[in-house]
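Contents: one structure, followed by commentary.
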Amino acid sequence: MKRNEGHIRTSHGGNLPVPEDLAALVRAEKRDDGAVAARVASAVQEVVDFQLDCGLNVVNDGEYVKAGEGAYAGYIHGRVTGWEIQEKARSPKRGGPGERDRADFPGFYESGLWLSGSGGPVRPGFFTPGRKPGKVRTRVCTGPVSYVGHDAIAKDIEALQVALKGKEGLDNAPEGFIAALGPLSLGAGAFNDHYSSEEEYMMAVAEVVREEYKAITDAGLIVQVDEPEFFTTWMFYPEWDVADLRKYLGFAVEVINHSLEGIPVEQVRFHSCWGSGHRPHTHDIELKHIVDLLVRVNAQCYTFEASNVRHAHEWRVWEDVRLPEGKMIMPGVVGHATDLVEHPELIAERLVNYASVVGAENVQGGTDCGIGSRVGHAEVAWAKLRSLAEGAKLASEKLWR
């Protein structure tokens, strides 16, 4: 991963607006897989060019390559074996992503408002938010887990490499990244009916996702390990105190680092967040309680929510926590929680604040999460990314004047 040299580099969380015609092809009742594949290829080229035109430095495929596979977390289920969906009554393994808030805001949760996107109703894409009524559907590990998605990840990689071809000679040549699901997000929520212990099970899950990570980094790309559960697990277990969470996250770091064994640390970006849901978030775990555990993950760059009104103040946490030598952070200085487009001067102010505590060479500019389906319209998402690049330029002028 390239480091800042006189300019703050910029990127984003992964998910970008889906072209309406591609979304229509994916959702078609009689889906034409050949037409989908052809449109994905051209759409990836378009989205790479869009990102570069916005002024970003580290770009991806918009997650279009996961078309029809369930986007964020759903895509992985067709690439792994060892789990099955069972339709039978079973006590929940844990609570939901807003479990602690639910007790304080019962009317809000009963209203269903939390099923909407952060900036309004979720834009049409590859999936519909919310749980469908019907039988209880439980994901269960019933046999040895393994990765079978080698052909799929190869297509992901090829699409991005083709789109980046010829860009190497550009000034400030871009880097490419692919987001891949973290082991906690793949395995922790499912029941284990096969392995002798949860520890053995989760280490096996780590070895599964490692194959996807290795394919990405072997191709010379950056892997972004998407692991929202590192922050959101606090919500799943409302009976826990901070000590309980820290004990669990200590184990989680071991699992994540097991998934990264043999993966070059300079090609790893680790993302966590407090979830994209439009809800109060009053019980989000504060970063100060877990940041020392976060930086134990074997990644070169850590990216996290930092622009929304619940966490924008937490840049000061880094005054008390030493960023390990050679590591970087990419705080979200543009958010998905509002359709208001952040002013470049505000973005610059946020970046300068972070630079003041970790060093200008160690901070890059990003988004809180993927913004493709969580803002009201594609035009808003692109405007936010343009503002991000403009803000980074203003911050760079102040930091390297």
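Per UniProt numbering, the very first residue in the sequence shown carries number 1; after that it's consecutive. Ideal placement from N, C-alpha and C gives every residue a C-beta, glycine not left out.
I329, enclosing beta strand (DSSP E) - first and last residue: Mapped onto the sequence shown, residue 329 falls at position 329. It spans M328 to V334 - the beta strand (DSSP E) in which I329 sits, taken as one unbroken run.
7 Å Cβ cutoff met for G112 and H194: Here residue 112 refers to the residue found at position 112 of the sequence shown. Here residue 194 refers to the residue found at position 194 of the sequence shown. Result no, Cβ atoms of G112 and H194 do not sit closer than 7 Å.
Beta-carbon proximity check, E397 vs M235, cutoff 7 Å: As a position in the sequence shown, residue 397 is number 397, starting the count at 1. As a position in the sequence shown, residue 235 is number 235, starting the count at 1. In this structure, E397 sits away from M235, with a CB-CB distance that is not shorter than 7 Å.
Residue from V268, A179 and F191 whose Cα sits closest to the Cα of R139: Numbered from its first residue, the sequence shown carries residue 139 at position 139. Checking every option, the nearest Cα to that of R139 belongs to F191.
Straight-line Cα distance separating K88 from Q51: Start at 1 with the first residue of the sequence shown, and residue 51 comes out as number 51. Start at 1 with the first residue of the sequence shown, and residue 88 comes out as number 88. Those two C-alpha atoms are separated by around 45 Å.
Pairwise C-alpha distance: V242 and D151: Position 151 of the sequence shown, counted from the first residue, corresponds to residue 151. Position 242 of the sequence shown, counted from the first residue, corresponds to residue 242. Their backbone Cα atoms lie some 42 Å apart in a straight line.
According to DSSP, residues forming a beta bridge with A180: Here residue 180 refers to the residue found at position 180 when the sequence shown is read from its first residue. Its beta-bridge partners are V225.
Pairwise C-alpha distance: R39 and L25: Within the sequence shown, the letter at position 25 stands for residue 25. Within the sequence shown, the letter at position 39 stands for residue 39. One C-alpha to the other measures close to 9 Å.
Start-to-end residues for the beta strand (DSSP E) that takes in H271: By one-based count along the sequence shown, residue 271 stands at place 271. V268 to S272 is the extent of the beta strand (DSSP E) around H271.
V209 beta carbon less than 7 Å from that of S259: In the sequence shown, the residue the question calls residue 259 occupies position 259. In the sequence shown, the residue the question calls residue 209 occupies position 209. Taking the C-beta atoms as reference points, V209 is found nearer than 7 Å to S259.
Given K2 as reference, the closest of M330, T367, V380 and P92 once Cα atoms are compared: Counting from 1 along the sequence shown, the entry for residue 2 is found at position 2. Minimum Cα distance to K2 is reached at M330.
Terminal residues of the alpha helix (DSSP H) in which E99 lies: In the sequence shown, the residue the question calls residue 99 occupies position 99. E99 -> alpha helix (DSSP H) spans E99 to D104.
When G166, K167 and D101 are compared against E239, the one with the closest alpha-carbon: As a working note, residue 239 is residue 239 in the sequence shown. Nearest of G166, K167 and D101 to E239, Cα basis: D101.
Helix, strand or coil at C141 [DSSP, three-state]: Sequence index remark: in the sequence shown, residue 141 carries index 141 (1-based). Reduced to three states, the DSSP call for C141 is strand.
Anticipated Cβ contact below 8 Å, S146 with G82, distance rounded: Position 146 of the sequence shown holds residue 146. Position 82 of the sequence shown holds residue 82. Sure, about 6 Å apart at Cβ, within 8 Å.
Extent of the continuous alpha helix (DSSP H) to which Y201 belongs: Stepping through the sequence shown from its first residue, residue 201 is reached at position 201. Note, Y201: alpha helix (DSSP H), E198 to D218.
Supposed contact pair P228 and M202 - C-beta distance, whole angstroms, cut 8 Å: Translated into positions along the sequence shown, residue 202 becomes position 202. Translated into positions along the sequence shown, residue 228 becomes position 228. For M202 against P228, the beta-carbon gap comes to about 16 Å, at or over 8 Å, which does not count as contact.
Separation of K393 from T10, as counted between CA atoms: Counted from its first residue, the sequence shown places residue 10 at position 10. Counted from its first residue, the sequence shown places residue 393 at position 393. Each residue's Cα considered, the two are about 10 Å apart.
Beta carbon of F177 nearer than 7 Å to that of V58: The residue labelled residue 177 in the question sits at position 177 within the sequence shown. The residue labelled residue 58 in the question sits at position 58 within the sequence shown. Yes, these two residues count as a Cβ contact at 7 Å.
Cα-Cα separation, R131 to E198: The count along the sequence shown starts at 1 and reaches residue 131 at position 131. The count along the sequence shown starts at 1 and reaches residue 198 at position 198. Reliability of the predicted coordinates at R131 is poor, the pLDDT of 42 falling under 50, and no value is obtained from them.
Classification of T233 by the beta-carbon crowding that lies within 10 angstroms, buried from 16 upward: Position 233 of the sequence shown, counting from 1, holds the residue named residue 233. So T233 ends up on the buried side.
6 Å Cβ shell around V48 - same chain, five flanking residues per side excluded: Position 48 of the sequence shown, counted from the start, is the residue given in the question as residue 48. Excluding sequence neighbours, V48 sits near V59 and A163.
Cβ-based burial, L181 [other Cβ within 10 Å; buried from 16]: Indexing the sequence shown from 1 puts residue 181 at position 181. Buried, by the Cβ-count rule.
Reduced DSSP category for E261 - H, G, I as helix; E, B as strand; rest coil: Residue mapping note: residue 261 aligns to position 261 of the sequence shown, counting from 1. It is coil, neither helix nor strand.
Opening and closing residue of the beta strand (DSSP E) in which I85 lies: What you label residue 85 is simply residue 85 of the sequence shown in a count that begins at 1. Per DSSP, I85 belongs to the beta strand (DSSP E) from V80 to Q86.
Close beta carbons around A360, own chain, < 6 Å, minus the five adjacent residues each side: One-based indexing of the sequence shown puts residue 360 at position 360. Cβ within range, chain order: L399.
DSSP three-state assignment for C369, whether helix, strand or coil: Position 369 of the sequence shown holds residue 369. Of the three classes helix, strand and coil, the one that applies to C369 here is coil, per DSSP.
Residues of its chain near F270, where Cβ-Cβ distance is below 6 Å and the 5 sequence neighbours each way are ignored: The residue given as residue 270 occupies position 270 in the sequence shown. Counting only Cβ-Cβ distances below 6 Å, and skipping sequence neighbours, we find V225, V297, A299 and Y302.
Local conformation of L399 per DSSP, three classes: As a first step, residue 399 must be located in the sequence shown, where it is residue number 399. Helix.
Reference V80; option with closest CA among A159, E175 and V205: As a first step, residue 80 is located in the sequence shown; it is residue number 80 there, counting from the start. Answer by Cα proximity: V205.
Buried or exposed (CB count within 10 angstroms, at least 16 for buried), Y354: For the purposes of this step, residue 354 is taken as the residue at position 354 of the sequence shown. Per the 10 Å Cβ criterion, buried.
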